[in-house]
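> I'd like to ask some things about the structure below.
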Amino acid sequence: MTGDLIAEHTPESIKEAYKEAYGMFADGAEYTMGTVDSELRLLLGDAEVDALYDYVGAKKDAAGNWLYDQFTPDQLHAIIGFGAVFLAPAFAPEKAVASAAATEMGELANNIKVIGRLTDTEVAKDWVGHEVLDIPEWSIEKNMQWVDSGIKNQQNFYLASPLEDNLLQSSGLYSGEPTIMALEIEHLENAGYVKMGNYFVHPSNISIFNIP
């Protein structure tokens, strides 16, 4: 079961590179969490690997052993993404790895949602690969559904506005209430997103994301 989840949540470009170089993910090939774990520990050491598992929220039993069969799809995706960067050079030709990384980065760069103050997000409407919410009958509910769809699709988000108090708390009639931008950011952080530069990056993309 765990092996199936790993295969399901490994980026397609990484799968292709692994298949070409090492036979992984080919029909009948076995690729389990044990494979990932042992290779990571050999290359990085126990402390770094345990810190990674802690970071993604993996569970241990009472004796302190990792419960590999209880790793969630999101946790496996994040670990595989991390492992793809650090393990690939150990067993894959440089060209295959570089191609996979370039493809993956290209997909990330053309799959970005833009959040922030309305006047700030408008400038991104013509940016290639960037999506700005622009609907005639806007509502908070529709806005958050749009954010949720990005989270579900593991998209990254570009923050078009500065993180200033007046943009995070409303004034006037709704003084003290969080702004829409603040709600969007809170939603992303609750989903495990990490701020890197002006971007909020999905957990599964952290290991391969380069700040433009």
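Quick note: the sequence shown uses this note's numbering, first residue 1, plus one each step. Idealized CB from N, CA, C, for every residue including glycine.
(1) Which residue wins for smallest C-alpha separation from glycine 152, given the options Leu159, Asn198, His187, Leu52?
(2) Are leucine 159 and asparagine 143 close, meaning C-beta to C-beta below 8 Å?
(3) Check for me: the alpha helix (DSSP H) holding tyrosine 68 runs from which residue to which?
(4) Just to confirm my understanding: we take valine 194, look at its own chain, exclude 5 residues before and 5 after, and list those with CB closer than 8 Å. What are they?
(5) Quick one: give me the first and last residue of the beta strand (DSSP E) that asparagine 205 is part of.
(6) Using the DSSP secondary-structure output, state which residues sit across from histidine 130 in a beta bridge.
(7) Would you mind reading off the limits of the beta strand (DSSP E) that contains tyrosine 53?
(8) Round the Cβ separation of asparagine 156 and glycine 129 to the nearest angstrom and send it over; I've been treating them as touching at under 8 Å.
(9) Give me the Cα-Cα distance between methionine 196 and isoleucine 208, rounded to the nearest whole angstrom.
(10) From the DSSP secondary-structure annotation, give me the bridge partner or partners of lysine 60.
(11) Looking only at its chain, what residues have a beta carbon closer than 6 Å to the beta carbon of proline 178, apart from the 5 residues adjacent to it on each side?
(12) Per DSSP, what kind of secondary structure is asparagine 190 in: helix, strand or coil?
Concretely, from the data shown:
(1) It should be pointed out that residue 152 corresponds to lysine in this sequence rather than to glycine. Looking at the Cα atoms, His187 is the closest of the given residues.
(2) no
(3) Counting along the chain, tyrosine 68 falls outside any alpha helix (DSSP H), and DSSP gives it neither H nor E.
(4) Annotation for valine 194: Phe200, Val201, Pro203, Ile206 place their beta carbon closer than 8 Å to its own, counting only its chain and skipping 5 residues before and after.
(5) That residue, asparagine 205, is in no beta strand (DSSP E); it is neither H nor E in DSSP.
(6) Ile112
(7) No beta strand (DSSP E) contains tyrosine 53, which is instead part of the alpha helix (DSSP H) from 46–56.
(8) About 10 Å separates the two Cβ atoms, so there is no contact after all.
(9) Distance between the alpha carbons of methionine 196 and isoleucine 208 is about 12 Å.
(10) Trp66
(11) Around proline 178: no qualifying Cβ.
(12) DSSP places asparagine 190 in the helix class (H, G or I) of the three-state scheme.
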